[in-house]
């Protein structure tokens, strides 16, 4: 009996450990083979001889200069990629917060319906939606007409094929990624806390600033990350709504790959990934919520 | 620490049940010892309560009996069978879980029939009907658990377990989620059902009132061990540790010293007052002691009237709480200790006021002595019940 | 004073409704354009009402075959990702084991990576492995299973975490063996989570352009078709497909919501 007492729990733990690995193995292998390994290959590709081609093949020459060259050559798209994404993220936050707040606190029995309405437009194809924006912002369209009347756009100016259109497209397409996490964290706030703030002489604005906003920070952080990260790498909006002066880093990566300039494209991809990781970790550190990961 | 509960009357109701024996039962989680070498025999057919504050190891003990936790050491026996290592579905033990754990996707009927179906019974309609009758839930067969009130869910959980005719029924804080009034009602109900079916009930709770109302025998657990075991009356009237004295009801503990013996009584010097306590209630202690008196055993008489019983001297009333059936007084003793006294509102005397000075007395047969080395505040504030 | 209070109470709601209206603006355009008879092939403006696009959605060459390809890949990717992801979710919630946080990172990373990096790195792998010539249906499928997997794990895991693990214990206490407890209790309770994970996976796969674009070779999915068309002239039929997608998806959501309501209303 004593022997059994010692052996059995350990054996049980062993068996459980094996079950866990058996369940994790197929998916884990898939992610490793088609996500992790490719990332290493991407880094390797970024160091290939830049003079190689698809026909002649590529030689591993540890060409670190690929990075310098790519960054020098594509500084504009790189800066635009992050700049446009940052502006779009901020706009998403500004228009997404009231929406999430209203659904969480003001919608009452229409809560579920409003949530469905938030997601519903995004059931159509990303590309079809973006093409619709092309029409909305077209030179003889309604939006440009109103903007010209208000003097926001010069009489011979246009919106389509400008940075404004690209940012508008990004803002639109990634809005649900902001609204849903915001809603999730606002929904968890006990409404009595906000009433308590009011009871303790906080004006509605102070109550929001001192209670609601701090408590919704996890949602703000998750939302901004979920909007910012995919926006930086996006090239659909810049391609369909912008022109050659609005190319983002994603466009360059895509076109470099298309013409077979793999080393430069890979170097840019790695640069993008590294910059995102740095920015995100600084941001999370500053925001003080590491548990998000 | 080998303790055997007195055989309960209920034992004769069930002839096929057998005693539940835990010996040297130990459970460690890492460095933490949740249950520490527990020896316990629960007689067949009894209503047994494991009472203690949260984290005392009572639920872990229950889970080891249910087979949901594997002991680190020791064994669990049901009659002659060693069930220590048996899978939960291979032991004649069923559980009423805390918050019930009813299957949300199944109807009440299917919830109750679940165990029988797993055992391969085909004709479940009759027993299910019978069992729903026992818990007074006829007509609820087609509903889902979330359409029932807390009290009704509680009954379903009970029916779902009892239908399998277990030898032992485990109840893990079964009434914890109910409001006070419903809890009272269910306490009586549970006791009725236990007597009716005659199954051994092992009831885990942190609510001392709940344990005292229902159980034949209570084991008070603390820190993975059993502090004291006995009938509710025994535990209340003669607690053997400060923890039990404070956890089960309230106690006034006054520092004293045994100075001698006078026939059946021990003479105790309590802060200068000489009092007598029957030696039988001394719990075998000597020298420095805690003199314990329950608040309702304290008798207050107007100052000057020397009481014909043990007196602790004069005290000033510093606080009065009127609670309807009784009045609670806080008494400031000459040695700066505050004692509690409860007095029934019989109407025989006007309620005393703050600032009144009274004589504090008690009958020796109502007091008890405890080892002075124990912490006088053990178990205070750990009673979470209302 | 009373008016001021009403305005301040409803201002947020008004802003929210305005934002909602803004999100529906392109949908209105898509629906409208699906009935458009363009004046010329180059012009992408509304000219005249017609039902022709709806009567003949497969008119433009390659549109319907791209739709079929997208649906095939979507279904296969959904099955693959749901299967692998559900297993992983069970391991993460129900089992204690070493290397758990590593597994969590592995699942979190794909969701936090820009699609362009995932697409590019997969392409780099295929090319380096000498598979550049084999790009097509199967490489798209591999990529789709990869990026849908994490979303499935997260969705199923949330449902599993919301499930009281004592229900399984209760089943075992009531004489259910481990496998009976799983099939009679755990699986039916988690199933809605698995279903919504599958729907999410299909939606993600069906709509993906960026990763697909890198690894598609000569295979054309529906988003690839739209992309190609946008460079030349845009057939109005893509708006028919867009409208149909919208209607089908909204119908599914409302249907499931109604079913849920009915189930709750049985009392």
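Chains as they are written, first to last, in the working numbering: chain B, 1 to 293; chain A, 1001 to 1386; chain U, 2001 to 2267. Backbone N, C-alpha and C define an ideal beta-carbon position, used for all residues, glycine too.
In this structure, residue 1062(A) lies near residue 1172(A), with their beta-carbon atoms less than 8 Å apart.
At least 8 Å separates the CB of residue 237(B) from every CB of chain U. Closer than 9 Å at the C-beta level to chain U, one finds these residues of the segment 76 to 110 of chain B: 95, 96, 98, 99, 100, 101, 102, 103, 105, 106 and 107. Residue 1376(A) has a beta carbon lying at 8 Å or more from every beta carbon in chain U. Counting only Cβ-Cβ distances below 7 Å, residue 165(B) has no contacts in chain U at all, with the closest Cβ about 13 Å away.
At least one CB of chain B lies nearer than 8 Å to the CB of residue 2027(U). DSSP places residue 2147(U) inside the alpha helix (DSSP H), whose first and last residues are 2137 to 2162. Contact check between the segment 1102 to 1112 of chain A and the segment 1147 to 1161 of chain A: three or more CB pairs, one atom from each, fall below 8 Å, which counts as touching. Note that the C-beta distance between residue 102(B) and residue 2016(U) is below 8 Å. For residue 1023(A), the three-state secondary structure derived from DSSP is strand.
For a Cβ distance threshold of 8 Å, nothing in chain U lies close to residue 142(B): the least Cβ distance comes to about 10 Å.
DSSP, read as helix, strand or coil, puts residue 1290(A) in strand.
Neighbours of residue 1089(A) in chain U, taken as residues at a C-beta separation under 9 Å, are given in chain order as 2171, 2172, 2173, 2174, 2175, 2176, 2177, 2178, 2180 and 2181. Closest option to residue 190(B), judged by alpha-carbon separation, among 170(B), 215(B) and 169(B): 215(B). In the assembly as shown, residue 283(B) is an exposed residue. Its beta-carbon has fewer than 16 other beta-carbons within 10 Å. For residue 1030(A), no alpha helix (DSSP H) run applies, since DSSP gives it neither H nor E. A residue is called buried once 16 or more other Cβ atoms fall within 10 Å of its Cβ, and residue 2227(U) is buried on that count. Around residue 2110(U), the beta-carbon contacts reaching into chain B at under 8 Å are 31 and 35. For residue 1208(A), the uninterrupted alpha helix (DSSP H) run begins and ends at 1208 to 1214, by DSSP.
Listed along chain U, the residues sitting closer than 8 Å to residue 41(B) by beta-carbon distance are 2121, 2124, 2125 and 2128.
The straight-line gap separating the alpha-carbon atoms of residue 2052(U) and residue 2037(U) is approximately 8 Å. Interface residue (Cβ-Cβ distance to chain A less than 8 Å): residue 2189(U) is classified as such. Straight across, the Cα-Cα distance linking residue 2220(U) with residue 131(B) is about 19 Å. Between the alpha carbons of residue 51(B) and residue 278(B) lies a distance of about 30 Å. Sequence-ordered contacts of the segment 2086 to 2110 of chain U with chain A are nonexistent [C-beta pairs closer than 8 Å]. Looking at the DSSP output, residue 1332(A) sits in a beta bridge with 1316(A) and 1338(A).
Within the same chain, and ignoring the five residues on either side of residue 71(B) in sequence, the residues whose Cβ sits closer than 7 Å to its Cβ are 78 and 271.
The straight-line gap separating the alpha-carbon atoms of residue 121(B) and residue 2201(U) is approximately 18 Å. For residue 2149(U) and residue 265(B), the gap between their C-alpha atoms comes out near 26 Å. Within 7 Å of the CB of residue 262(B), the CB atoms of chain U belong to 2124 and 2127, in sequence order along the chain. The Cβ of residue 2192(U) sits no closer than 8 Å to any Cβ of chain B. The three-state secondary structure of residue 1361(A), taken from DSSP, is strand. Within chain A, the residues whose beta carbon sits less than 7 Å from that of residue 2167(U) are 1101 and 1103, listed in sequence order.
Membership of residue 1219(A) in the beta strand (DSSP E) is indicated by the continuous run 1217 to 1222.
Chain-ordered listing is empty here: chain A has no CB closer than 7 Å to the CB of residue 2156(U), the nearest sitting near 16 Å. Under the 8 Å Cβ criterion, the segment 2160 to 2174 of chain U counts as touching the segment 2182 to 2197 of chain U, having at least three qualifying pairs.
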